[in-house]
Ligand SMILES: Nc1ncnc2c1ncn2[C@@H]1O[C@H](COP(=O)(O)OP(=O)(O)OP(=O)(O)O)[C@@H](O)[C@H]1O
Ligand SMILES: [Mg+2]
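Residue numbers (our numbering): 24 to 396.
Set out below in structure tokens:
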């Protein structure tokens, strides 16, 4: 028997035509990019930022822009950042434009090799060269525009890792992008909301007000139901009552919904309807898959007991976070809650929705409910 392919992807960005919804965001992002505006995706972890970027770039391509997707994930040096930018351009461009980029790359490799081979080269000199190279690469949209008269849409993903490479990189970037009004538009995304908010919203920070935030919220239950249902249908399966249970648990969290759907599908044989028991087996599988991660997160909070208590309270208290009952039950006081909740929001573990703090990850919340009884 041929193994059937599970249609629910939950560990990679999606192909542009696989996204649920996000039409409005994509349209807005494209319109802003075409108009020369910079944007940033403001969303919790695993809400589909990269998927939206890939879709935006696909549409921008069709609209005639040049597009580049640079992923700075775990990038820690200027040299590595430079390499990622080079590769991103080389991957997307062809013909004379590609040659423009590779000529720049080659000239830098020569300069750096000569530099590194010299006797007594100072670390400072190397740093300076790395900075210049980065500056040149950040200016690529200008060269591309000079050759093609076409704007480049540059996506900087996992942008916090770029900024973390060293002090001054936000300043360097700003000095470039502010001169690219004609030649480039930028879209920034990252998985550390607190840090990015600080950098883009902090008065006096170089990137202050440089990119318009575009919020990316949870998915609608009805959209999720339609998408999940269609994929079950297409493979001669029925999610049955399990679909409702899944949607209740996922609370519109895109990746969590897909993870749950993936396992539900695994546990639903062809020609069958999923029931509560099926759902339970799927949940068990999900729990096994996520447990280690949640235990790690909990351990990482070992030095922040107040944050642990706030998470436990959010998951388990039937009352609001600041209510007397909750404060008493979880050994908290108002100012401690305030500080801890702010730290959790900074890290992206909780968000404020309509003035109330909520745990971003519904499965982490479930884990907290199961371990904190
Ligand atoms: N619009 C969507 N429709 C369906 N599934 C989605 C959507 N957006 C995200 N997902 C799910 O979330 C997963 C993660 O998506 P993606 O990598 O784009 O998120 P991200 O926000 O970039 O994550 P990270 O914070 O780790 O960078 C996807 O594999 C998919 O399962
Ligand atoms: Mg991403």
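We treat Cβ as the ideally placed atom computed from N, Cα and C, and that holds for glycine.
Pair within 8 Å by beta-carbon distance, residue i and residue j
i	j	result
residue 252	residue 266	yes
residue 239	residue 64	yes
residue 282	residue 302	no
residue 375	residue 368	yes
residue 270	residue 247	yes
residue 277	residue 71	yes
residue 176	residue 104	no
residue 193	residue 229	yes
residue 27	residue 258	yes
residue 223	residue 95	no
residue 357	residue 351	no
For residue j and residue i, the rounded distance between their alpha carbons
i	j	result
residue 182	residue 174	21 Å
residue 100	residue 254	43 Å
residue 196	residue 62	14 Å
residue 207	residue 249	37 Å
residue 92	residue 79	10 Å
residue 373	residue 170	46 Å
residue 381	residue 337	7 Å
residue 370	residue 160	30 Å
residue 118	residue 87	16 Å
residue 60	residue 384	32 Å
residue 227	residue 179	22 Å
residue 123	residue 108	14 Å
residue 81	residue 365	36 Å
residue 212	residue 73	8 Å
residue 308	residue 314	10 Å
residue 297	residue 348	39 Å
residue 155	residue 327	41 Å
residue 130	residue 162	15 Å
residue 324	residue 363	11 Å
residue 106	residue 190	19 Å
residue 295	residue 30	17 Å
Cβ-heavy atom distance, residue i to ligand 1, below 7 Å
i	result
residue 218	no
residue 71	yes
residue 277	yes
residue 68	yes
residue 245	no
residue 251	no
residue 74	yes
residue 36	yes
residue 50	no
residue 46	no
residue 33	yes
residue 43	yes
residue 270	no
residue 242	yes
Contact with chain C by residue i, beta-carbon distance below 8 Å
i	result
residue 369	Of the protein chains in this structure there is only one, and it is not chain C.
beta-carbon residue i near ligand 2 non-hydrogen atom, thresh 7 Å
i	result
residue 180	yes
residue 214	yes
Proximity winner among the options, relative to residue i (alpha-carbon distances)
i	options	result
residue 361	102, 330 and 308	330
residue 133	107, 116, 34 and 153	153
residue 200	185, 165 and 218	165
residue 42	177, 60 and 77	77
residue 69	37, 218 and 256	37
residue 391	114, 219 and 321	321
residue 290	262, 312 and 358	262
residue 116	167, 162, 129 and 146	167
residue 388	83, 219 and 279	279
residue 44	310, 137 and 245	245
residue 51	210, 135, 148 and 146	210
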